[in-house]
Amino acid sequence: MIVWEQPLPGDGVGGIAADDQLVVVGCRSLDDLEDQFFGFDARSGEMLWQVAYLAEGRLDYGNSPRATPLITDDFVYLCGAFGHVTCVDRELGIELWQRNVAIDFGTPELEWGLAGSPILVDDKLILQPGGAQGSIVALDPLSGETLWATGTAPPGHSSLIVAAPGGRRQVIGYDKLTLGGWDVATGARLWTFAPPVNGDFNVPTPLLVDDSLFVTTENNGSRLYAFAKDGTLNPQPLASDRQLCPDSHTPVIAADRVFGVSEGMHCLNARTLEPIWRSTVPDVGDYASIIASDTRVLVLTIHSELLLFDATADQPTLLSRLALTEDGQETLSHPACSQRKLYVRVGGRLLCLDLEATE
34 MIVWEQPLPG DGVGGIAADD QLVVVGCRSL DDLEDQFFGF DARSGEMLWQ
84 VAYLAEGRLD YGNSPRATPL ITDDFVYLCG AFGHVTCVDR ELGIELWQRN
134 VAIDFGTPEL EWGLAGSPIL VDDKLILQPG GAQGSIVALD PLSGETLWAT
184 GTAPPGHSSL IVAAPGGRRQ VIGYDKLTLG GWDVATGARL WTFAPPVNGD
234 FNVPTPLLVD DSLFVTTENN GSRLYAFAKD GTLNPQPLAS DRQLCPDSHT
284 PVIAADRVFG VSEGMHCLNA RTLEPIWRST VPDVGDYASI IASDTRVLVL
334 TIHSELLLFD ATADQPTLLS RLALTEDGQE TLSHPACSQR KLYVRVGGRL
384 LCLDLEATE
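And the structure:
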């Protein structure tokens with residue numbers, strides 16, 4: 034059931050951010066010269082604020098922001114594809130600071146722009162401009178000032194995560210060519226891993242499975258790695274699966290299983306990566322967005338259809354499906370879920386669905 038709907042200036046590929054009070058989504062202006070971000074009341078859909086700034090350029094897949102905004106108790110952090118990072122007051126949308134990390138850290142010209150979402154770790158706003166003066170950087174979340182900047186590698190296109198293998202608190206993710214871990218406090222690179230096969234886009238975000246790391250890419254497939262006692266990555270995989278090999282979709286972990294999309298829906302044992310089932314349900318091809326609970330897996334297909342699977346079944350069990358458009362309009366933006374409400378961008382519309390009523 035649709036609770037509310039709001040028009041947007043146009044389509045976009047960036048994810049939606051939401052909590053129980055606020056929904057934030059990024060777009061482009063009608064003349065395609067500005068990034069625009071909108072804050073909506075999560076309950077009523079009323080627009081609370083709008084942020085816009087000049088951001089000229091041209092990228093593949095349009096020029097809209099790629100990163101999902103970050104909502105905190107007091108602030109919202111907005112990241113555009115051309116390097117703009119903006120901190121705004123979450124209540125009023127008033128800009129508190131802004132800087133362009135692509136300019137400040139020497140990011141090379143990028144075909145797809147900056148895509149990684151910001152993370153807040155130990156009072157540090159950590160980003161990946163992929164610049165010659167800083168591949169990974171930490172900013173003061175209150176002022177935007179640089180706390181540390183490390184490396185010179187161009188960026189990957191996934192988001193960073195934080196973990197503490199071996200008791201070493203670190204940021205884990207990709208640069209353009211390699212997987213790595215960086216010390217949260219100093220930015221020092223702790224380890225580097227280059228996959229056996231070159232040429233990955235490095236878009237899917239790594240996932241933690243207990244004390245192990247799950248990664249998947251289009252050329253190297255899905256792999257599970259252990260960490261050594263010193264917090265570095267053991268380069269010999271614990272397990273692997275060649276069939277789940279997405280180029281731009283990030284799988285999820287639920288019910289001790291990996292759920293992902295690559296020429297259909299895959300369900301793998303999260304500890305052995307042995308296939309449990311595979312499904313070629315219509316419209317689940319090579320890309321989808323997935324949100325999971327302990328017992329359910331909700332898939333938003335590229336053709337704007339919601340598919341609800343039983344996460345615990347030993348065969349593909351489709352519980353329900355709901356088309357959000359009659360014409361199968363394409364959607365690449367990742368939805369957000371909060372308080373049993375699902376927030377979905379379909380073209381130039383932002384929808385709020387009541388999941389309990391829909392199911």
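The number in this note's numbering is simply the position in the sequence shown, starting from 1, with 33 added. For each residue, glycine too, the CB sits at the ideal point set by N, CA and C.
- When the beta-carbon positions are compared, SER326 and HIS367 stay at least 7 Å from each other.
- Under the three-state reduction of DSSP, PRO268 is assigned to coil, being neither helix nor strand.
- The way I'd put it, the region 235-253 does touch the region 269-287; three or more beta-carbon pairs between them come closer than 8 Å.
- With contacts defined by Cβ atoms closer than 7 Å, GLY381 and GLY43 form a contacting pair.
- Look at VAL314 here: in three-state DSSP terms it is coil, with no helix or strand label.
- The criterion of a C-beta distance shorter than 7 Å is satisfied by GLY72 and LEU81.
- Annotation for GLU178: LEU172 place their beta carbon closer than 7 Å to its own, counting only its chain and skipping 5 residues before and after.
- For VAL56, same chain residues with a beta-carbon under 6 Å away, outside a window of 5 residues either side, are PHE73, ALA75, TYR376 in chain order.
- Taking the Cα positions, CYS112 is about 6 Å away from ALA100.
- PHE138 places its beta carbon less than 7 Å from that of GLN166.
- DSSP, read as helix, strand or coil, puts ASP137 in helix.
- Each residue's CA atom was taken as its position, placing PHE226 and TYR110 some 30 Å apart.
- Taking all protein chains in view, the Cβ of THR334 is crowded by 16 or more other Cβ atoms within 10 Å, so the residue is classified as buried.
- When the Cα atoms are used, GLY116 and GLY232 turn out to be separated by approximately 24 Å.
- Cβ-Cβ separation between ALA88 and GLU67: approximately 6 Å, consistent with a contact (criterion under 8 Å).
- Within the model, the alpha-carbon separation for PRO229 versus ALA261 is close to 20 Å.
- The criterion of a C-beta distance shorter than 7 Å is satisfied by ARG373 and GLU389.
- Taking the CA atoms as reference points, VAL58 sits about 24 Å from LEU240.
- Inclusion of GLN54 and GLY78 in the CB contact set at 7 Å is not warranted, their separation being larger than that value.
- Considered as a whole, the region 201-272 harbours 203-207, 212-216, 222-226, 240-242, 245-250, 254-259 as its complete beta strand (DSSP E) runs of no fewer than 3 residues, in chain order.
- In the structure shown, PRO40 adopts extended strand secondary structure according to DSSP, grouped into three states.
- If you ignore the 5 residues before and after ARG290, its C-beta comes within less than 6 Å of the C-beta of CYS300, ALA303, all in its own chain and listed in chain order.
- Within the region 137-205, the runs of beta strand (DSSP E) at least 3 residues long that lie entirely inside it are, in chain order, 152-154, 157-160, 169-172, 179-183, 194-196.
- Taking ARG311 as the centre and dropping the five residues before and after it, the same chain places the C-beta of GLN276, GLY297, MET298, HIS299, CYS300, PRO349 closer than 8 Å to its C-beta, in chain order.
- A contact between stretches requires three or more CB pairs, one per stretch, nearer than 8 Å, and the region 146-153 fails this requirement with the region 120-132.
- As a beta-bridge residue in DSSP terms, TYR86 pairs with ASP68.
- A straight-line Cα-Cα distance of about 36 Å links ALA272 and THR105.
- Considering only ILE152, LEU153, ALA114, the residue with the shortest C-alpha distance to VAL134 is ALA114.
- As computed with DSSP, LEU340 is found in a beta bridge with VAL332, ARG354.
- The DSSP-derived three-state label of GLU128 is strand.
- Taken through DSSP and simplified to helix, strand or coil, LEU306 comes out as coil.
- Rounded to whole angstroms, VAL236 and GLY293 show a C-alpha spacing of 14 Å.
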